[in-house]
Amino acid sequence: MSRISILIFAACAVAGAGFAPIASAQDAGASPKPAATPAKKAAAPAAKAKAADKAPAAAAPAEDPAFKLFRHDLINLLALSGDARKQIAAAQIAAPDMGDVSRSALKKTPALLKRALELAPQDPLVLWIAASNACLTQPGCADPAALKTLQTVDADNAAVWLLGFQGDDADKQHAGVARMAQAQRYDDYWGADVVALYRALEVLPVPKEIIALGFSSESARINFATSIASAFLPVSLQRLHVFCTTLDTAKEATAAADCIAVARRLESGGAFVAQGIGFAIEEALLAPGVDKDVMAARRRSAAWQKERFMELSSRFAHEPALAQAYIDALEKGPDEPAAVIALLRGQNLRTDPPAEWQPASLTSPQTLPPSPVPQQ
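Each residue of the sequence shown is one higher than the last, beginning at 53 in my numbering.
Below you can see the structure in the form of structure tokens.
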């Protein structure tokens, strides 16, 4: 079962248990554990990355019947749309139905993806979803043609080159990092996907069974949208982290410099999970000095912003206007960190920490995709 199917089922199960989670990328934004020193490096970092990619998936809980009906009604309506982003949203929402013989092939992910590509063959978000996992039934199932087009359409985006980053060929790894280092930005389309899914979910009212659990319509849609979008954060981020943090900087100075350049792209764009990996790479590769001190200050500010956001998100279920303000910020902002900063400023909250504040932890393991975070 694909990661996206597990996340969809998990979102339904948590909702059925009476929680209102915000399953966004923020919770996975903590830095990974520091890499070993060169003298104690693992003998096969590529094998580590492969093992992480092949970790056994958790068993999916049964889907709530009311939610399943809602999901199918939603897909049926979205499939009629001439809007590519509604089609791509439907393709993601339909992921659990791949083995359902009662569902028409036209309402399943491959056909919906094909329709989205026909409607908008050069839309970066449409291409990203198709290139990330074209059939959504097994990890790593991607559309090479979509990826090739995406790398032409958005060549200055490090994320589109990260999708092809391999974990088992040292020469390809070096070449991949060098290519990513040439890009001027990093955008994993997480925010754009959340907005597309949220707008698609507005086509139908949220089921009363979910509202009765204490959700607002806005918070329920955010939970569902962020759960799905998080499945498309590239798993190759893990391979990149392993490759970069196990370099011997004395012997591989060029690769280390490329990794630092890529890390800074990750820190300034995309989802918080990418930002956390960027900080971890710099932490591993930078020598003590001004550059490392400046990075530490940026990382501290990012940790403060995530912590303040999690406090705000715990109010989404009871403050629909606040939840809507978050979606509006994602729609306007180029990436998740920028949207969170805009949201904090809109609530008259500081975006930089007080002098005495320190984050609880910067060394917790990085995981993809992130787990839902229950609201209070």
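Glycine included, each C-beta is placed from N, C-alpha and C at the ideal position. As the structure is a prediction and not an experimental result, all values here were calculated from the model.
Legend entry - Gly398, enclosing alpha helix (DSSP H) - first and last residue: Glu388 to Gly398
Legend entry - Residue environment, Thr397, which counts as buried when at least 16 other CB atoms sit within 10 Å: For the record, residue 397 in the displayed sequence is Arg; it is not Thr. The residue is exposed, with fewer than 16 neighbouring Cβ atoms inside 10 Å.
Legend entry - Among Leu289, Ser279 and Val325, nearest to Pro389 - alpha-carbon criterion: Val325
Inset, instruction - Spatial neighbours of Arg367 within its chain, please: CB distance less than 6 Å, with the 5 preceding and 5 following residues excluded, ordered by chain position. - result: Leu374
Legend entry - Inter-residue spacing [alpha-carbon to alpha-carbon] between Pro90 and Val392: Because the pLDDT at Pro90 is just 34, under 50, the model does not fix this residue reliably, and the value given afterwards should be weighed accordingly. Between Pro90 and Val392, the C-alpha separation is close to 37 Å.
Legend entry - Secondary structure, alpha helix (DSSP H): runs of 4+ residues fully inside the segment 119–173: 136–145 and 161–171
Inset, instruction - Write down the C-beta distance between Asn185 and Lys159 rounded to the nearest angstrom, noting that I regard them as a contact closer than 8 Å. - result: That belief does not hold up - the Cβ atoms of Asn185 and Lys159 are roughly 18 Å apart, past 8 Å.
Legend entry - Local conformation of Asn209 per DSSP, three classes: strand
Legend entry - Whole-angstrom distance between Ala143 and Ala272, CA atom to CA atom: 19 Å
Legend entry - N- and C-terminal bounds of the alpha helix (DSSP H) containing Tyr241: First-last for Tyr241: undefined, no H or E at that position.
Inset, instruction - Take His226 and list the residues in its own chain whose beta-carbon comes closer than 7 Å to its own, dropping the five residues that flank it on each side. - result: Ala307
Legend entry - Short CB-CB distance (under 8 Å) between Pro405 and chain D: Protein chains in the displayed structure number just one, and chain D is not present.
Inset, instruction - Measure how close the beta-carbons of Glu319 and Arg350 come, nearest whole angstrom, since I'm counting them as under 8 Å. - result: 7 Å
Legend entry - Buried/exposed call for Trp409, threshold 16 Cβ in 10 Å: exposed
Legend entry - Spatial distance of Asp223 from Arg402 (CA atoms): 45 Å
Inset, instruction - Leaving out five residues on either side along the sequence, give the residues of the same chain with a beta carbon under 6 Å from the beta carbon of Thr201. - result: Leu179
Legend entry - Simplified DSSP assignment, three categories, for Trp409: coil
Inset, instruction - Could you tell me if Val346 is buried or exposed, where buried requires 16 or more neighbouring beta carbons within 10 angstroms of its beta carbon? - result: exposed
Legend entry - Straight-line Cα distance separating Gly330 from Gly321: 10 Å
Inset, instruction - Please go through the same chain and pick out, in chain order, the residues whose beta-carbon is closer than 7 Å to the beta-carbon of Asp310, but skip the five residues on each side of it. - result: Val229, Ala230 and Ala233
Inset, instruction - State the DSSP-derived secondary structure class of Arg352, mapped to helix, strand or coil. - result: helix
Legend entry - Length of the line joining the Cα atoms of Phe276 and Leu249: 8 Å
Legend entry - Selected residue, minimal CA-CA separation from Pro286, among Gly328, Asp240, Val255 and Glu254: Asp240
Legend entry - Own chain partners of Arg167 with C-beta closer than 6 Å, once the 5 adjacent residues on each side are dropped: Gln139
Legend entry - 8 Å Cβ shell around Ser269 - same chain, five flanking residues per side excluded: Pro257, Val258, Ile263 and Pro372
Legend entry - For Val255 and Leu130, the rounded distance between their alpha carbons: 8 Å
Legend entry - Straight-line gap, Pro86 to Thr204 (C-alpha atoms, nearest Å): Per-residue confidence for Pro86 stands at a pLDDT of 34, beneath the threshold of 50, marking its modelled position as unreliable; the derived number appears in the next sentence. Their Cα atoms are separated by approximately 35 Å.
Legend entry - Length of the line joining the Cα atoms of Ala252 and Phe361: 24 Å
Legend entry - For Asp105, three-class secondary structure by DSSP: At Asp105 the pLDDT is 49, less than 50, meaning the model places this residue with poor confidence and gives no usable figure here.
Legend entry - Pro411 to Arg316 span [Cα, whole Å]: 20 Å
Inset, instruction - Using three-state DSSP, classify Asp310 as helix, strand or coil. - result: helix
Legend entry - CA-to-CA distance, Phe267 to Asp245, given in whole angstroms: 22 Å
Inset, instruction - Report the residue from Trp356, Ser365, Leu338 and Ala114 whose alpha carbon sits nearest the alpha carbon of Thr301. - result: Leu338
Inset, instruction - Enumerate in chain order the residues of its own chain whose CB-to-CB distance from Ile333 is below 8 Å, with the five nearest sequence positions on each side excluded. - result: Leu292, His293, Cys296, Thr297, Cys311, Ile312, Val314, Ala315 and Leu318
Legend entry - Environment of Ala136 [buried if 16+ CB atoms lie within 10 Å]: buried
Legend entry - Sequence-distant residues of the same chain with beta carbon closer than 6 Å to Ala118, five excluded per side: Pro259 and Glu261
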